[in-house]
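Below: one structure, written as structure tokens.
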Amino acid sequence: MQRLIPTLRKDQVDLELLMLIRTILAATKEISFRVSQGALGDVLGSTLDENIQGEQQKKLDVIANQLIKNMLLSDANVRSIASEEEDDVVAGDPDGRFIVAFDPLDGSSNIDINGQIGTIFTIYPAKPSLAADDPAQFHQTGRSQLAAGYVLYGPSTMLMLTTGKETRCFTLDRTHGGFLLTNDKVAVPEKTAEFSINMANSRFWFEPTQTYINILLEGEEGERNKRYNMRWNAAMVGDIHRILVRGGIFLYPPDKRDPAKPAKLRLLYEANPMAMLLENAGGAASTGTENILDLETSDLHQRVPVIMGSAEEVEFAKSFYK
Ligand code: AHG
Ligand code: MN
Ligand code: MN
Ligand code: MN
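For the sequence shown, numbering that gives the first Met the number 0 assigns the number 0 to the initial residue and increments by one for each residue that follows.
Laid out in structure tokens, this is it:
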């Protein structure tokens, strides 16, 4: 099995970008170990603090954020850092070539129930004219991402990564501590009969989502001539990993619960990296009316409607959102 570095060298990945990816993965290996320890690793439970999202921070949100942030601050090539758990941009090296955004712990509500959780990360080129502490460093579209990936802390710890070409999957070999290439060309099935949405929100959905989901529930006699199954992991990394492996459609559409925040998922460190992974694996990622990757980030924590997965199903879903 091929290791990470030779795989990335074959893809002609810039050496300093490659070293930065390794730096991030070093932190995720530590998180993977702490997560596998569970209560024994003192990583369960919540803190008394609330993050800028208005969520109560879990201990592991904070631990994972600190681990990754400290690793990044030790890398001279990192100019600016953005995190779900940091209110503002964190300044790194004033001459760094890259900027990094991450969701240190995705699926926080799964931590205490030993469910699927993960780390999502994305790397962009720094804007040479802007200072390290300028949030406008991140005012780029998802198409500018140099690398995007996640580490899924499941029964096995897996890295899903794209550096612009294929989407590849690696599995952490705990015997020698390296990520080994286990799928060198991830391909999302074009069609699917599996959808992923939090049905508990259905009474708050806007009409397009109601209409689309009702069609999926019609079964073999319905418009789609097939029975759909449903999965909801409450962790985007788990749902998107399933879709990258066997297809599906994942939706977090806008709803009426909080008019100030109709959408839930964050563009910079959730939707964009997942969209790049999916598109480079033949999948699709839309807000319903625009490609996720075409949106320019204007606020570090801005939220966006998400419809992503098997290309044919995403196209069908989009037909209801004008
Ligand atoms: P995070 O734990 O990083 O805040 O993200 C949670 C997100 C995403 O991972 C998941 O798909 C979604 O929130 C689950 O939302 P519900 O709890 O509303 O189902
Ligand atoms: Mn959160
Ligand atoms: Mn998240
Ligand atoms: Mn998170």
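C-beta: ideal position from N, C-alpha, C; glycine also.
So does Glu-54 have its beta carbon nearer than 6 Å to some heavy atom of ligand 2? yes
Taking the straight line between their C-alpha atoms, what separation do you get for Val-89 and Ala-63? Distance between the alpha carbons of Val-89 and Ala-63 is about 16 Å.
At a threshold of 6 Å, does Ser-107 count as lining ligand 2 (C-beta to nearest heavy atom)? Within 6 Å of the C-beta of Ser-107 there is at least one heavy atom belonging to ligand 2.
Rounded to whole angstroms, what is the Cα-Cα separation between Gly-117 and Lys-255? 28 Å
Pull up the distance between the alpha-carbon of Pro-93 and that of Ala-130, whole angstroms please. Approximately 7 Å, taken between the alpha carbons.
With 16 other Cβ atoms within 10 Å as the buried cut-off, status of Glu-295: Exposed is the call here.
Beta-carbon separation of Ala-100 and Leu-267 under 7 Å? yes
To test your reading of the DSSP string, which unbroken alpha helix (DSSP H) runs of 4 or more residues are found completely within the region 173-230? 206-215
Beta-bridge partners of Leu-250, as assigned by DSSP: Ile-306
I'd like to confirm something about Asp-74: is its beta-carbon nearer than 6 Å to some heavy atom of ligand 6, or not? For ligand 6, the structure offers nothing, since it holds only ligand 1, ligand 2, ligand 3 and ligand 4.
What number of angstroms, rounded off, separates the C-alpha of Lys-263 from the C-alpha of Val-303? Cα to Cα, the separation comes out at about 7 Å.
Over what stretch of residues does the beta strand (DSSP E) that includes Phe-101 continue unbroken? That run of the beta strand (DSSP E) goes 97-105.
Quick check on DSSP: helix, strand or coil for Ala-130? coil
Mind checking Gln-136: buried by the 16 CB within 10 Å criterion, or exposed? buried
With hydrogens ignored, establish whether the beta-carbon of Asn-197 is closer than 6 Å to any heavy atom of ligand 1. yes
Cross-strand partners of Tyr-152 (DSSP beta bridge): Ile-116 and Thr-156
Should Asp-60 be labelled buried (16 or more other beta-carbon atoms within 10 Å of its own) or exposed? Asp-60 comes out buried.
Option in Phe-319, Asp-298 and Thr-161 with minimal Cα separation from Asp-86: Asp-298
Test item: CB-CB of Asn-50 and Glu-15 under 7 Å: Taking the C-beta atoms as reference points, Glu-15 is found no nearer than 7 Å to Asn-50.
Are the Cβ atoms of Leu-19 and Phe-120 separated by less than 7 Å? no
Relative to the alpha-carbon of Lys-184, which residue among Ser-82, Ser-309, Glu-54 and Val-244 has its alpha-carbon at the smallest distance? Ranked by Cα distance from Lys-184, the options Ser-82, Ser-309, Glu-54 and Val-244 are led by Val-244.
Spell out a yes or no on whether the region 235-250 and the region 307-320 are touching, meaning 3 or more CB-CB pairs, one atom from each, closer than 8 Å. yes
Contact belief for Phe-194 with Leu-3 at Cβ below 8 Å, rounded distance in angstroms: Not a contact, Cβ separation roughly 33 Å.
Is Glu-312 buried or exposed, if buried means 16 or more other CB atoms sit within 10 Å of its CB? buried
Would Lys-58 and Gly-44 be called neighbours here (beta carbons separated by less than 7 Å)? yes
Taking 7 Å as the cut-off, decide whether the C-beta atoms of Arg-78 and Ala-125 are in contact. yes
Can you have a look at Asn-197 and say buried or exposed, based on whether 16 or more other CB atoms are within 10 angstroms of its CB? exposed
Entirely within the region 5-79 and at least 3 residues each: give me those beta strand (DSSP E) ranges in chain order. 45-49 and 55-57
6 Å CB neighbourhood of Ile-23 in its chain, flanking five on each side removed: Phe-120
Nearest neighbour of Pro-188, chosen from Glu-222, Ile-212, Leu-215 and Glu-278 [CA to CA]: Glu-278
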